[in-house]
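Per this note's numbering, residue 46 is the first one in the sequence shown, and the count goes up by one each step.
Note that CB positions come from ideal geometry on N, CA and C, so glycine has one too.
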Amino acid sequence: QDKYGYVSQEAMTYIAELLEVSSDHVLGVVTFYTMYFQKPTGKIHMQVCTNVSCMLRGGYDIFHYLSDKLKIKNKEKTHDGLFSIEEVECLGSCGTAPMLQVNNKEFYENLSVEKMDGLLEELKNKYGNLEYAKY
Numbered sequence: 046q047d048k049y050g051y052v053s054q055e056a057m058t059y060i061a062e063l064l065e066v067s068s069d070h071v072l073g074v075v076t077f078y079t080m081y082f083q084k085p086t087g088k089i090h091m092q093v094c095t096n097v098s099c100m101l102r103g104g105y106d107i108f109h110y111l112s113d114k115l116k117i118k119n120k121e122k123t124h125d126g127l128f129s130i131e132e133v134e135c136l137g138s139c140g141t142a143p144m145l146q147v148n149n150k151e152f153y154e155n156l157s158v159e160k161m162d163g164l165l166e167e168l169k170n171k172y173g174n175l176e177y178a179k180y
């Protein structure tokens, strides 16, 4: 997934053979956890928490703002492949809600709709030239 941005069917078959488990077992893991993707995401994949703490502090507002701004829906990517968004359950940062996670690695916390344009620009500058995710 780090190399291609998602776990392909071929990769799941290879993993199953490598670990000597069934393909269904690997598929179960990939579909259960939000950190694994079965189709390509944007170079900058933003997972927006909308669970209780984040919801009460504006998580849905942030998700809808990003969706409108980027002109994409949940689990879609922008036409240039740069951004994708996903609404997710708790990411374990309730004390600093609302928050989002980028590329399964970085947390951005204490967010607001007003901070989103600056964050998008920051992310574009930081990740915009990555080569691994050309889909």
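What is the DSSP secondary structure of residue i, reduced to helix, strand or coil?
i	result
Cys94	strand
Glu159	helix
Leu136	coil
Val71	helix
Lys84	coil
Lys171	helix
Gln146	strand
Asp106	helix
Thr141	helix
Thr76	helix
Gln54	helix
Relative to the alpha-carbon of residue i, which residue among the options has its alpha-carbon at the smallest distance?
i	options	result
Val85	Phe77, Ser129, Glu159	Sequence check: residue 85 is Pro here, not Val. It is Ser129.
Met57	Leu72, Lys120, Gly137	Leu72
Val133	Gln83, Ala61, Ile89, Met144	Met144
Met161	Lys171, Tyr110, Gly137, Gln146	Tyr110
Tyr49	Phe77, His90, Leu64	His90
Gly140	Met100, Gly173, Leu168, Leu165	Met100
Val93	Phe77, Asp47, Ser157, Asn170	Ser157
Arg102	Asp47, Glu154, Lys171	Glu154
Ser68	Thr79, Tyr78, Glu55	Glu55
Short of 8 angstroms in beta carbon distance, which residues of its chain neighbour residue i, apart from the five on each side in sequence? Order them along the chain.
i	result
Val75	Val52, Met57, Tyr81, Gln83
Ser112	Lys118, Asn119, Ile130
Thr123	Gly87, Leu115, Lys116, Ile117, Ser129
Pop quiz: residue i and residue j are said to be a contact at Cβ under 8 angstroms. What is the actual Cβ separation, rounded to whole angstroms?
i	j	result
Lys131	Lys120	Going by the sequence as given, residue 131 is Glu instead of Lys. Rounded, the Cβ-Cβ distance is 5 angstroms, consistent with contact.
Leu127	Gly163	No, Leu127 and Gly163 are not in contact; Cβ-Cβ is about 16 angstroms, not under 8 angstroms.
Counting only the same chain and skipping the five closest in sequence on each side, list residues whose C-beta sits under 7 angstroms from that of residue i.
i	result
Thr95	Gly104, Tyr105, Phe108, Glu132
Asn149	Met80
Using beta carbons (cut-off 8 angstroms, strictly below), is residue i in contact with chain B?
i	result
Asn155	Absent from the structure: chain B. Only one protein chain is present.
Since residue i sits in a beta bridge, which residues does DSSP pair it with?
i	result
Glu151	Val147
Phe35	No information on residue 35 is available, as it lies outside the stretch 46 to 180 that the chain covers here.
Lys116	Answer is none; Lys116 lacks a bridge partner.
Lys122	Ser129
Beta-carbon within less than 6 angstroms of residue i's beta-carbon, same chain only, minus the 5 sequence neighbours each way: which residues are those?
i	result
Gln46	Val52
Gln142	For the sequence presented, residue 142 should be read as Ala rather than Gln. Once the five neighbours on either side are set aside, the close Cβ partners of Ala142 are Ser98, Cys99, Arg102.
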